Amino acid sequence: MSAQPPESAPIRRLTVPQIAARKGAEPIVALTASHVQFARILDAHCDVLLVGDSLGMVSHGFETTLPVSLELMIAHGAAVVRGTARALVVVDMPFGSYEESPQVAFRSAARIMAETGCQAVKLEGGARMAETIGFLTARGIPVMAHIGLTPQSSNTLGGFKTQGRDEDSWPLHHADAAAVAEAGAFSVVLEGMVEPLAAQVSAACPIPTIGIGASAACDGQILVMEDMLGLGDWAPKFVRKFADLRGEVDRAAGAYAAEVRARSFPAEDETYR
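Residue 1173 is where the sequence shown ends in my numbering, and the numbering goes up by one at each step.
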């Protein structure tokens, strides 16, 4: 009797400790995701999928991330979790859902975790949010931190401005990274930082740094998926477009419209008889 071929090993989702262990090791591959179809495709390639509040801008047409609600993040987060089996799924905590107090943050984060099935949450802010990060992690909620350019604070920052142009500000960024790591964050996003500062912060920080506009010195990289695929009208300097899906969608929609108007779609083999 011939031996039966071994069954393929089940796909296992990456865990928070596995991502935390990637400090100084294999780079962490991360992208944002907010739709189940894209999540299914990205799952095979990414270690982390972030359901970012950037979805308010790229999917819902808001000018900033500030109008995004907790309910909106939960709806998109649940869709991404349903579409994945391998990637660690992290959901952004939207503006107003965590800043008031650690207790408010816990209630918001607990709801996100319970209603989406995600593995971690992300919140913006360095030393000022350290107490909240410690409160959450002590109660079983893994936290990815976010320092540097923090979009939810764009009004305070005066817009989406690159951080670290003035070297006098560098100690503050170092202090932010140290504070979130000490508070228990398992990783930290560095956004919009000049390369020398990002390199210093990444080298000194004991947890993985994930860069977005913060150079290749980080322990991983993340981009907004829609920017990377060329779906938007504009993208920041740090974005490399790996595809031109906007052009492809435009071409496909034009071809569809032409065939509908010419009554060549649907054809015979696309019609029920």
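Note that beta-carbon positions come from the ideal geometry of N, C-alpha and C, so glycine has one too.
Please read all numbers here as calculations on a predicted model, not as lab measurements.
Inter-residue CB distance, residue i and residue j (contact presumed, cutoff 8 angstroms)
i        : j        : result
Ile-1112 : Val-1089 : 6 angstroms
Gly-1084 : Val-1043 : 7 angstroms
Gly-956  : Val-968  : 4 angstroms
Val-1124 : Ser-959  : That belief does not hold up - the Cβ atoms of Val-1124 and Ser-959 are roughly 10 angstroms apart, past 8 angstroms.
Arg-986  : Asp-943  : 5 angstroms
Val-1175 : Val-929  : Shown here, the chain extends from 901 to 1173; a query on residue 1175 therefore has no answer.
Leu-949  : Met-993  : 16 angstroms between Cβ atoms; not a contact.
Where the beta strand (DSSP E) containing residue i begins and where it ends
i        : result
Val-916  : Unbroken run through Val-916 is the alpha helix (DSSP H), 916 to 920; no beta strand (DSSP E).
Gly-1147 : Careful: Gly-1147 lies outside any beta strand (DSSP E), inside the alpha helix (DSSP H) at 1145 to 1161.
Val-1021 : 1020 to 1024
Three-state secondary structure assigned by DSSP to residue i
i        : result
Ser-969  : coil
Leu-1123 : strand
Leu-1129 : coil
Gln-1003 : helix
Asp-1169 : helix
Asp-953  : coil
Ala-933  : coil
Glu-926  : coil
Glu-1091 : strand
Thr-1016 : helix
Thr-1109 : strand
Val-948  : strand
Ala-1009 : helix
Ala-909  : coil
Backbone CA spacing between residue i and residue j [nearest angstrom]
i        : j        : result
Ala-1116 : Pro-1002 : 33 angstroms
His-1046 : Ala-1157 : 44 angstroms
Val-936  : Arg-1028 : 34 angstroms
Glu-1031 : Ile-1041 : 14 angstroms
Phe-1035 : Phe-1006 : 8 angstroms
Glu-1121 : Met-973  : A small fix is needed here, since residue 1121 is Gln in this sequence, not Glu. Near 22 angstroms, if we compare the C-alpha coordinates of Met-973 and Gln-1121.
Val-1149 : Glu-1168 : 25 angstroms
Ala-1103 : Ala-1153 : 47 angstroms
Met-1093 : Thr-1062 : 6 angstroms
Trp-1134 : Asp-1127 : 8 angstroms
Ala-1014 : Phe-1138 : 34 angstroms
Ala-1114 : Glu-1091 : 6 angstroms
Ala-1098 : Ala-1081 : 15 angstroms
Ala-921  : Ala-1143 : 31 angstroms
Pro-910  : Gly-983  : 16 angstroms
Glu-1159 : Leu-1145 : 21 angstroms
Leu-1129 : Glu-1095 : 24 angstroms
His-1074 : Cys-1105 : 8 angstroms
Gly-1048 : Gly-1132 : 24 angstroms
Gln-1100 : Asp-947  : 24 angstroms
Val-991  : Ile-919  : 15 angstroms
Arg-940  : Ala-975  : 16 angstroms
Asp-1076 : Gly-1025 : 8 angstroms
Ser-1069 : Arg-1161 : 60 angstroms
Delimiting residues of the alpha helix (DSSP H) encompassing residue i
i        : result
Val-991  : Looking at the DSSP string, Val-991 is not in any alpha helix (DSSP H); the run it does join, the beta strand (DSSP E), is 988 to 992.
Glu-1082 : 1070 to 1083
Min CB distance residue i to chain C below 8 angstroms
i        : result
Gln-1052 : Absent from the structure: chain C. Only one protein chain is present.
Only counting runs of 4 or more residues, tell me where the alpha helix (DSSP H) segments fall wholly within the segment 1034 to 1060, in order along the chain. Unbroken alpha helix (DSSP H) runs of no fewer than 4 residues, entirely contained in the segment 1034 to 1060, are found at 1054 to 1057, following chain order.
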